[in-house]
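Worksheet: one structure, shown below.
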Amino acid sequence: MSWRGTYHPPHSADKLDAELTLVDQVVRLETMHGHYEWPLSVISVSVPLGNLPMVITFPEGQTFTSDESLSLANALGGARKGRVVHWLEQHWLAILASLLVVVGLVILLFSHGLPALSRGLVPLVPDEVPRQIGQKTRDTLDEHMLSPTQLSQSTQVRVQQQFDTLVAQLPTLPVEPRLLFRQWEDTANALALSDGTVIVTDSLVNLAETPEQLNSILLHEIGHLAHQHTLKSLIRATLISTTVALLTGESTGLADNLLGGGVFLLTQGYSRDDEREADTYANRHMVAIYGNAKAMKTMFERLSKANSDATPLEWLSTHPGIQERIDAIESSP
Ligand SMILES: [Zn+2]
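Mapped onto the working numbering, the consecutive letters of the sequence shown carry residue numbers 759 to 1091.
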């Protein structure tokens, strides 16, 4: 296809008759002074306005105006679209690879970026936040699940003394642990809240045959406090809900989620890594204080027998698999 028009050389008022042809992706211009060729990608085309002719500008400043603007504009537009399709055809592998990279990055952000980000943010959170959330969580648990302890005063005093002695033997913790006795039906359980509260249920106290056995479970809870797992998980959950709110534009309930986060996390349980870290902490201090972690292994076994319930709340949870955790105690010194 070819179009007739006028050629203007650069820096000159000359006007020459010319003929433009378009072959594949190459624009060829034929004038009485000779011919020129440019790839379609380097020329710029003015949008035809009303009756004004379309102007094609070449890299060195030469221009070409055509009397058949509309037909030329369509041809060039078609060729350019073809170029995009052609490019897509040639680069489908690169496009697919970029898509996979983006998907991979999103997965990485959630699997590695968020935990790392949560860890990094922990020191920036004012102490008031874990204190408030711990209190809120405790209130919610007291309202819905826990009831006052039925343990005798002397038992409470004895366990409290054992706990104080235990804590005195540990390195300084980011929050001061405080023991709280509660009854939760007849479930043997213990859980740590972000403000340092360690709730221990009557059934757990009764399940332990020795102070070492009870302390092994309390050490696991203190391990969660030492590693600030509650706060990290809370930040992680907040980042996820904020991200979801930003992506979906759904922000109602975000504040509720933040406040309810403490309770939400307890019911969701910690991550497997968090549990392993808390187990390792307990194991290490059992060995340091008692010479071995036998009481911890016994207590894990007693707990898994006592709580066949599948409710995912700390010691009722079977994740990461109580047997796997018992094996881990055996294999360590
Ligand atoms: Zn735990």
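Built from N, CA and C at the ideal position, the CB exists for glycine as well.
Based on DSSP bridge pairs, tell me the residues matched to residue i.
i: I814; result: V803 and F822
i: L780; result: V785
i: E795; result: R786
i: D775; result: T764
i: A831; result: Answer by DSSP bridge pairing: none, since A831 is not bridged.
i: S905; result: Q941
i: R936; result: T955
i: A950; result: V956
By alpha-carbon positions, which one of the options ends up nearest to residue i?
i: P932; options: L983, L992 and F939; result: L983
i: D1032; options: M1057, S876, H987 and P768; result: H987
i: P929; options: S952, P969, T959 and H1043; result: H1043
i: E901; options: I1087, V859 and W942; result: W942
i: A831; options: Q848, H849 and M812; result: M812
i: N947; options: A852, Q927 and K1063; result: K1063
i: P797; options: E788, K773 and L780; result: L780
i: R838; options: L854, L882, V784 and I853; result: V784
i: L965; options: H985, D944 and I980; result: D944
i: E788; options: A1051, V800, S905 and L774; result: L774
i: S912; options: S802, V963 and I980; result: V963
i: I1084; options: Y1048, R1034 and D782; result: R1034
i: E886; options: L989, V861 and T996; result: L989
i: S969; options: S991, V917, V925 and L828; result: According to the sequence provided, residue 969 is Pro. The question's Ser does not apply to it. Ranking the options by Cα distance to P969, first place goes to V917.
i: Y1028; options: A1051, G981 and V1045; result: G981
i: A1051; options: E1082, R1030, A1086 and N1065; result: A1086
I want to check one thing, is the minimum distance from the CB of residue i to the heavy atoms of ligand 1 below 7 Å?
i: H978; result: yes
i: E1035; result: no
i: H982; result: yes
i: Y1048; result: no
i: Y1028; result: yes
The segment 908-924 in contact with the segment 871-886 per 3-pair CB rule at 8 Å: Cβ pair count under 8 Å is below three, so no.
Looking at C-beta atoms only, is the number of pairs between the segment 818-828 and the segment 759-769 that lie closer than 8 Å three or more? Output reads yes: the segment 759-769 touches the segment 818-828.
Would the segment 958-975 and the segment 935-945 be scored as touching if the rule is three or more Cβ pairs under 8 Å? Inter-segment contact for the segment 958-975 and the segment 935-945 is present: three or more beta-carbon pairs are separated by less than 8 Å.
So does the segment 813-821 actually touch the segment 762-781, counting three or more Cβ pairs closer than 8 Å? Touching, yes.
How do the segment 968-976 and the segment 1046-1058 stand: do at least 3 beta-carbon pairs fall below 8 Å, yes or no? Counting C-beta pairs closer than 8 Å gives three or more between the segment 968-976 and the segment 1046-1058, which meets the contact rule.
Does the segment 877-895 come into contact with the segment 943-956, if we say contact requires no fewer than three beta-carbon pairs (one atom in each stretch) closer than 8 Å? In short, these stretches touch, since the Cβ pair count reaches three.
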